[in-house]
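Student: Can you keep this structure in mind? I'll have questions shortly.
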Amino acid sequence: MRQWVRRMYNPFKKKREVLSALREIKESGIAMECKACGHRLYKEEFAKNSYVCPECGYHLGVTSSYRIKTIPDRGSFREICGSIKGGNPLGFPGYGEKLEELRENIGLKEAVVCGTGKIGGTKTCLCFMDNRFMMGSMGTAVGEKTTRCFEYATRHKLPVIIFCASGGARMQEGILSLFQMAKTSAAVRNHSESGQLFVSVLTHPTTGGVTASFASLGDIILAEPGALIGFAGPRVIKQTIGQELPEGFQRAEYLLEHGFLDGVCDRRDMRKTLGLILKLHKGEKK
Amino acid sequence: MTAKERVELARHPDRPRCSEYIETIFDDFLPLAGDRRAGEDKSIIGGIGFYRGLPVTVIGQQKGRDLEENLEVRFGMPNPEGYRKAQRLMEQAEKFGRPVITFVDTPGAYPGIEAENFGQGEAIATSIAQMSGLKVPVISVFIGEGGSGGALALGVCDRMIMLENSIFSILSPEGFASILWKDSKRSDEACEMMKLTAEDLYKLGICDRIVREGSGAHLNRAAVFSRVDREIGEALEQLMKLKGSQLVKDRYRRLRGIGKETV
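Take a look at the structure:
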């Protein structure tokens, strides 16, 4: 009774309660608009639907941490080579500071997070690229982490699943960045020769040097709906040929039609599909 | 000489083309065409010939000498068909135990609708992966421009020989400036910053040998051809002693080491 009285009559507490309630509404209840169809929905509801618009199926961008939370079995993800981070090998002006700033703001050391985890009980290596970090571009650190992940998987006889999201090579690291394409591709090849499975999942956007290396080398290649996937960027192509690009050009559905994907997979079904793929490849290899 | 001047020389319209190196250095060169999938791409020359009596597979990017030729080869920018032809020829080289010698001279892979529809990215990725695992010696000679993944797709090798005024870069200096500064006119600045000259690549541990050109390869054709010839000979002599599995191991170690100091 006394407590109740205190709550009722404590003006400060009440104010605090009101404020925190307001903040909660503000954070979870922000109405978001679907970029494709304009459908309005609370952020919480978008989150519950895997950040896919329930009206039109548009896939909003998600972070690597979101995928780490939702793809592997709960609590099974263990990061590997988490301490690797890149420097400024060519002394590009302002690049070192930019990296530090991003590390501080996003809380990621580099544009990819690698580890092991289970999906539907099957152990696998997992890499999640994050395009908030330098557009997910592949510098020496991204190349090194991905390569080490494939080497780890080869040694431990594990499959690899990569969620790609990248603008391509990292300009500020010049030719060293370009050679990450060769390094990662060679590691994929060794992994493949050892009889292990590699599933490449292309998310928006996957372009340039990542498309022209490991992303295209999966035994099975899936993509999220609407993802932009290509080698040259649409702007460069338009400039070069001086004509309009066909509708849907370089989108996941277009690539599927042209034979460069095994399937386009809705984010809400991704975990289940990957689980099935892993299950289909289970069993001792000779 | 500044990096920008070297870029200009690398792109010089009179610079010797891939076909001239092939004609001069190899005997009885037999050109082979087609990718057996979709077409024939003239911007990549491929075939078999003798190098001092030894059968070798030769693959190289070809720029034109005039506008008409250049339109046919898209200014030396290959389509996926070109890379897939290279893959086919490299597979045969491995089958018959022939060393592979590549000549790199391209601004980059062609950015076009058809190229994307036929999987430019996949073609380059597959070429790179295949080259990394070839059980025969691979020697790459950079004779002019080496732009982006389109150049790397013929440049994964055991010995990288670069002409003094050839370049190898992540992207053209114009593209680089346009991406980073939204201003392709700042390409001069980009040239200096990108570390794209043979000297830079040698210092970075990527290039193994630099071939001197004097005042430029287009003014010293005969001397440059004979120097390249000698470099190929030396590299072959060393590499032919190694077993296939050793070559693959060494090549992987080589790739593994590039840029290692920075992580």
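Sequence lines, in order, name chains A and G. Read in this note's numbering, the first sequence has 54 at position 54, and its numbers run on one by one without any break. Read in this note's numbering, the second sequence has 145 at position 145, and its numbers run on one by one without any break. The beta carbon of each residue, even a glycine, is placed where N, CA and C say it ideally should be. Fair warning: this is a prediction, and the values are worked out from it, not measured in the lab.
Looking at the secondary structure, which residues open and close the alpha helix (DSSP H) in which G:Arg-159 lies?
Tutor: Working through the second sequence from its first residue, we reach residue 159 of chain G at position 159. Looking at the DSSP string, G:Arg-159 is not in any alpha helix (DSSP H); the run it does join, the beta strand (DSSP E), is 159-163.
Student: Could you tell me the boundaries of the alpha helix (DSSP H) in which G:Glu-116 lies?
Tutor: Within the second sequence, the letter at position 116 stands for residue 116 of chain G. G:Glu-116 -> alpha helix (DSSP H) spans 113-117.
Student: Looking at C-alpha atoms only, which residue of G:Ile-206, G:Pro-137, G:Arg-88, G:Thr-197 is the closest neighbour of A:Ala-182?
Tutor: Reading the first sequence from its first residue, position 182 is the one you call residue 182 of chain A. Here the closest residue by C-alpha is G:Ile-206.
Student: Going by beta-carbon coordinates alone, are A:Leu-280 and A:Gly-120 separated by less than 9 Å?
Tutor: Within the first sequence, numbered from 1, the residue matching residue 280 of chain A stands at position 280. Within the first sequence, numbered from 1, the residue matching residue 120 of chain A stands at position 120. Contact: no.
Student: Between the beta-carbon of G:Leu-196 and the beta-carbon of G:Ile-167, is there less than 9 Å?
Tutor: Start at 1 with the first residue of the second sequence, and residue 196 of chain G comes out as number 196. Start at 1 with the first residue of the second sequence, and residue 167 of chain G comes out as number 167. Yes, they are a contact pair.
Student: Here's the rule I'm using: 16 or more other beta-carbon atoms within 10 Å means buried, otherwise exposed. How should A:Gly-94 be labelled?
Tutor: Translated into positions along the first sequence, residue 94 of chain A becomes position 94. Flag for A:Gly-94 reads exposed.
Student: In or out: A:Asn-190 buried (at least 16 other Cβ within 10 Å) or exposed?
Tutor: Taking the first sequence and counting its residues from 1, one reaches residue 190 of chain A at position 190. By the 10 Å Cβ count, A:Asn-190 comes out buried.
Student: So, do the segment 29-40 of chain G and the segment 223-230 of chain G have three or more beta carbon pairs nearer to each other than 8 Å?
Tutor: Flag = no, the segment 29-40 of chain G and the segment 223-230 of chain G do not touch.
Student: Report back the beta-carbon spacing between A:Gly-174 and G:Ile-170 to the nearest angstrom; my notes put them in contact at under 8 Å.
Tutor: In the first sequence, residue 174 of chain A corresponds to position 174, counting from 1. In the second sequence, residue 170 of chain G corresponds to position 170, counting from 1. A:Gly-174 to G:Ile-170, Cβ: 5 Å. Contact.
Student: What residue range does the beta strand (DSSP E) around A:Pro-205 cover?
Tutor: One-based indexing of the first sequence puts residue 205 of chain A at position 205. That run of the beta strand (DSSP E) goes 198-207.
Student: What do you get for G:Ala-93, buried or exposed, if any count of 16 or more other CB atoms within 10 angstroms of its CB means buried?
Tutor: Working through the second sequence from its first residue, we reach residue 93 of chain G at position 93. So G:Ala-93 counts as buried.
Student: Can you find a C-beta in chain A that's less than 9 Å from the C-beta of G:Glu-213?
Tutor: Residue mapping note: residue 213 of chain G aligns to position 213 of the second sequence, counting from 1. Chain A contact via Cβ: absent.
Student: Run through the DSSP bridge pairs and tell me what A:Ala-223 is partnered with.
Tutor: Looking up residue 223 of chain A in the first sequence gives position 223. A:Ala-223 is bridged to A:Leu-202, A:Val-264.
Student: For G:Val-138, does the three-state DSSP call read helix, strand or coil?
Tutor: In the second sequence, counting from the first residue as 1, residue 138 of chain G sits at position 138. Three-state DSSP puts G:Val-138 in a strand.
Student: Considering just the uninterrupted stretch of the beta strand (DSSP E) at G:Tyr-51, what are its terminal residues?
Tutor: Along the second sequence, one-based indexing puts residue 51 of chain G at 51. Per DSSP, G:Tyr-51 belongs to the beta strand (DSSP E) from 44-51.
Student: What is the DSSP secondary structure of A:Asp-130, reduced to helix, strand or coil?
Tutor: Taking the first sequence and counting its residues from 1, the one referred to as residue 130 of chain A is at position 130. Three-state DSSP puts A:Asp-130 in coil, outside helix and strand.
Student: Taking the alpha-carbon of G:Gly-147 as reference, which of A:Gly-136, A:Lys-157, A:Ala-232, A:Gly-115 has the nearest alpha-carbon?
Tutor: Here the question's residue 147 of chain G lines up with position 147 in the second sequence. Comparing Cα positions, the closest option is A:Ala-232.
Student: Ignore the nearest five residues each way along the sequence and tell me which others in G:Asp-14's own chain have a CB closer than 7 Å to its CB.
Tutor: Walking along the second sequence from the start, residue 14 of chain G turns up at place 14. Excluding positions up to five away in sequence, the list reads His-218.
Student: Can you give me the start and stop residues for the beta strand (DSSP E) that G:Phe-29 sits inside?
Tutor: Within the second sequence, residue 29 of chain G is the residue found at index 29, counting from 1. That run of the beta strand (DSSP E) goes 27-31.
Student: I want to see whether chain D comes within less than 9 Å of G:Lys-4, judged by CB atoms only; does it?
Tutor: In the structure shown, chain D does not exist; the protein chains are A and G.
Student: How would you list, in chain order, the residues of chain A whose beta-carbon sits under 7 Å from the beta-carbon of G:Ala-38?
Tutor: Mapped onto the second sequence, residue 38 of chain G falls at position 38. Per Cβ cutoff of 7 Å: no residues; G:Ala-38 is ~11 Å from chain A at best.
Student: Quick one: complete alpha helix (DSSP H) runs, 4+ long, within the segment 21-97 of chain A?
Tutor: Fully enclosed alpha helix (DSSP H) runs of 4 or longer: 43-48, 64-70.
Student: Round the Cβ separation of G:Ile-124 and G:Gly-108 to the nearest angstrom and send it over; I've been treating them as touching at under 8 Å.
Tutor: The residue given as residue 124 of chain G occupies position 124 in the second sequence. The residue given as residue 108 of chain G occupies position 108 in the second sequence. Rounded, the Cβ-Cβ distance is 10 Å, inconsistent with contact.
Student: Would a check of beta-carbon distances place G:Val-228 closer than 9 Å to chain A?
Tutor: Taking the second sequence and counting its residues from 1, one reaches residue 228 of chain G at position 228. It does not; no Cβ of chain A falls within 9 Å.
Student: Measure the alpha-carbon distance for G:Ala-198 versus A:Ala-187 and round it to whole angstroms.
Tutor: Residue 198 of chain G sits at position 198 when you count from the first residue of the second sequence. Residue 187 of chain A sits at position 187 when you count from the first residue of the first sequence. Cα to Cα, G:Ala-198 sits roughly 27 Å from A:Ala-187.
Student: Taking A:Gly-82 as the reference, which of A:Gly-195, A:Asn-88, A:Ser-213, A:Cys-149 has the closest Cα?
Tutor: Taking the first residue of the first sequence as 1, we reach residue 82 of chain A at position 82. Taking only the C-alpha atoms, the option nearest A:Gly-82 is A:Cys-149.
Student: Would you list, in chain order, the members of the segment 254-265 of chain A that have their beta-carbon closer than 7 Å to a beta-carbon of chain G?
Tutor: Hits within the stretch, in order: His-258, Phe-260.
Student: Could you give the distance in angstroms between the alpha-carbon of A:Ala-47 and the alpha-carbon of G:Lys-135?
Tutor: Position 47 of the first sequence, counting from 1, holds the residue named residue 47 of chain A. Position 135 of the second sequence, counting from 1, holds the residue named residue 135 of chain G. Roughly 50 Å separates the two Cα atoms.
Student: In three-state terms, what does DSSP make of G:Arg-61?
Tutor: Numbered from its first residue, the second sequence carries residue 61 of chain G at position 61. The residue asked about is misnamed: residue 61 of chain G is Gln in this sequence, not Arg. If DSSP states are grouped into helix, strand and coil, G:Gln-61 belongs with the strands.
Student: So, helix, strand or coil for A:Thr-122, using DSSP?
Tutor: In the first sequence, counting from the first residue as 1, residue 122 of chain A sits at position 122. Correct three-state label for A:Thr-122: strand.
Student: Kindly indicate if chain A contains any beta-carbon less than 9 Å away from that of G:Ser-187.
Tutor: Residue 187 of chain G sits at position 187 when you count from the first residue of the second sequence. Chain A contact via Cβ: absent.
Student: Is the beta carbon of A:Leu-126 less than 9 Å from the beta carbon of A:Gly-115?
Tutor: Numbered from 1 along the first sequence, position 126 holds the residue referred to as residue 126 of chain A. Numbered from 1 along the first sequence, position 115 holds the residue referred to as residue 115 of chain A. Contact: yes.
Student: Applying the criterion that 16 or more other CB atoms from any shown protein chain within 10 Å of the CB defines a buried residue, is G:Arg-209 buried or exposed?
Tutor: As a first step, residue 209 of chain G must be located in the second sequence, where it is residue number 209. Under this definition G:Arg-209 is a buried residue.
Student: Here's a check: name, in chain order, each residue in its chain whose Cβ is nearer than 7 Å to the Cβ of G:Arg-186, leaving out the five neighbours to either side.
Tutor: Taking the second sequence and counting its residues from 1, the one referred to as residue 186 of chain G is at position 186. For G:Arg-186, where only same-chain residues beyond five positions count, the Cβ hits under 7 Å are Ala-177.
Student: Give every residue of the same chain whose Cβ lies closer than 7 Å to the Cβ of G:Thr-24, excluding the five residues on either side of it in the sequence, and list them in chain order.
Tutor: By 1-based counting over the second sequence, the position of residue 24 of chain G is 24. Closer than 7 Å at the Cβ level, and outside the excluded window around G:Thr-24, lie Phe-225.
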